[in-house]
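*Asks:* One structure is given below, represented as structure tokens, and several questions about it will come after.
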Amino acid sequence: MKAPATLRAPERPPRSGPNQPKRGWSVLDFIGKLNWVDFLVIIVLAGGAFAGFQQGLIRYVLSWVALVVAFIVASQLKGPLTDALSTFWTAFDPPVREFWVFVVLFVGLAIGGWFLVRVFYRTTRLPIVKQVDEVLGAVLGVAFAATAIVLLLVVFDTLFKNAGTLPGQTGLRESET
Numbered sequence: 000m001k002a003p004a005t006l007r008a009p010e011r012p013p014r015s016g017p018n019q020p021k022r023g024w025s026v027l028d029f030i031g032k033l034n035w036v037d038f039l040v041i042i043v044l045a046g047g048a049f050a051g052f053q054q055g056l057i058r059y060v061l062s063w064v065a066l067v068v069a070f071i072v073a074s075q076l077k078g079p080l081t082d083a084l085s086t087f088w089t090a091f092d093p094p095v096r097e098f099w100v101f102v103v104l105f106v107g108l109a110i111g112g113w114f115l116v117r118v119f120y121r122t123t124r125l126p127i128v129k130q131v132d133e134v135l136g137a138v139l140g141v142a143f144a145a146t147a148i149v150l151l152l153v154v155f156d157t158l159f160k161n162a163g164t165l166p167g168q169t170g171l172r173e174s175e176t
């Protein structure tokens, strides 16, 4: 009579060791390669997602509509209001006065618009609609945060394009070529 055959798993080589190539990637390796700007971008994107989730899609869109309306109204009223104030407000040059009138109008109208949205908008209590509103608000929040990051990078790139160069010197970009 024969002895029953036993099934054995084939022996595998060790997964890690000095002679074995590394496979895949590790989360800790990935995090270790990030710098402070990467962490700042991640924090801003997470903040956008959180703000969008808290507000929901509808309230988030209404808040941004209020912001756009505030911008348009402030840009239309800055000229007439600056002219009306120029008789007794002579502290700055006319363009600087117009700028400050625009800033005050824009901030005041934006805060007023956000306040009106908060007062008059009520979140729905329907379960599925509420979750969809929150999730789409988070997606819109991430999209807005990403757009804000890109716009800031464009503005900073144009502002600091020739920073650090003195007259007669070449910039870093020209000296590398």
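Numbering (numbering that gives the first Met the number 0), first residue to last: 0 to 176. Note that beta-carbon positions come from the ideal geometry of N, C-alpha and C, so glycine has one too.
Helix, strand or coil: which one does DSSP assign to residue 55?
*Replies:* Working through the sequence shown from its first residue, we reach residue 55 at position 56. DSSP places residue 55 in coil when its eight states are reduced to three.
*Asks:* Could you tell me if residue 67 is buried or exposed, where buried requires 16 or more neighbouring beta carbons within 10 angstroms of its beta carbon?
*Replies:* For the purposes of this step, residue 67 is identified with residue 68 of the sequence shown, where counting begins at 1. Exposed is the call here.
*Asks:* Under the assumption that residue 69 contacts residue 105 (Cβ atoms under 8 Å), give the Cβ distance between them as a whole number of angstroms.
*Replies:* On the sequence shown, residue 69 is found 70 positions in, with the first residue counted as 1. On the sequence shown, residue 105 is found 106 positions in, with the first residue counted as 1. Between residue 105 and residue 69 the Cβ distance is about 6 Å, and since that is below 8 Å, they are a contact.
*Asks:* Considering only residues of the same chain and omitting the five flanking positions on each side of residue 48, which have a CB-CB separation below 6 Å?
*Replies:* The count along the sequence shown starts at 1 and reaches residue 48 at position 49. Closer than 6 Å at the Cβ level, and outside the excluded window around residue 48, lie 137, 140 and 141.
*Asks:* In angstroms with no decimal places, state the Cα-to-Cα distance between residue 131 and residue 63.
*Replies:* Looking up residue 131 in the sequence shown gives position 132. Looking up residue 63 in the sequence shown gives position 64. The alpha-carbon atoms of residue 131 and residue 63 are separated by roughly 19 Å.
*Asks:* Whose CA, out of 145, 34, 103 and 85, lies closest to the CA of residue 73?
*Replies:* Locating residue 73 in the sequence shown gives position 74, counting from the first residue. Checked all of 145, 34, 103 and 85; the closest Cα to residue 73 is 103.
*Asks:* If you drop the 5 nearest sequence neighbours on each side, which residues of the same chain put their C-beta closer than 6 Å to that of residue 96?
*Replies:* Taking the sequence shown and counting its residues from 1, one reaches residue 96 at position 97. Here the set comprises 81.
*Asks:* Compare the C-beta of residue 108 with all C-beta atoms of chain C and state if any pair is closer than 7 Å.
*Replies:* Included in the structure is just one protein chain, with no chain C present.
*Asks:* Tell whether a beta-carbon distance below 7 Å holds between residue 65 and residue 113.
*Replies:* Stepping through the sequence shown from its first residue, residue 65 is reached at position 66. Stepping through the sequence shown from its first residue, residue 113 is reached at position 114. It is a contact, given that the beta carbons lie within the stated cut-off.
*Asks:* Do you know how far the Cα of residue 126 is from the Cα of residue 101?
*Replies:* For the purposes of this step, residue 101 is identified with residue 102 of the sequence shown, where counting begins at 1. For the purposes of this step, residue 126 is identified with residue 127 of the sequence shown, where counting begins at 1. Computed Cα separation, rounded: 42 Å.
*Asks:* Using a 10 Å radius around the Cβ and a threshold of 16 neighbouring Cβ atoms, would you call residue 56 buried or exposed?
*Replies:* The residue labelled residue 56 in the question sits at position 57 within the sequence shown. Buried.
*Asks:* Count the other CB atoms within 10 Å of the CB of residue 51; is the residue buried (16 or more) or exposed (fewer)?
*Replies:* The residue labelled residue 51 in the question sits at position 52 within the sequence shown. Classification for residue 51: buried.
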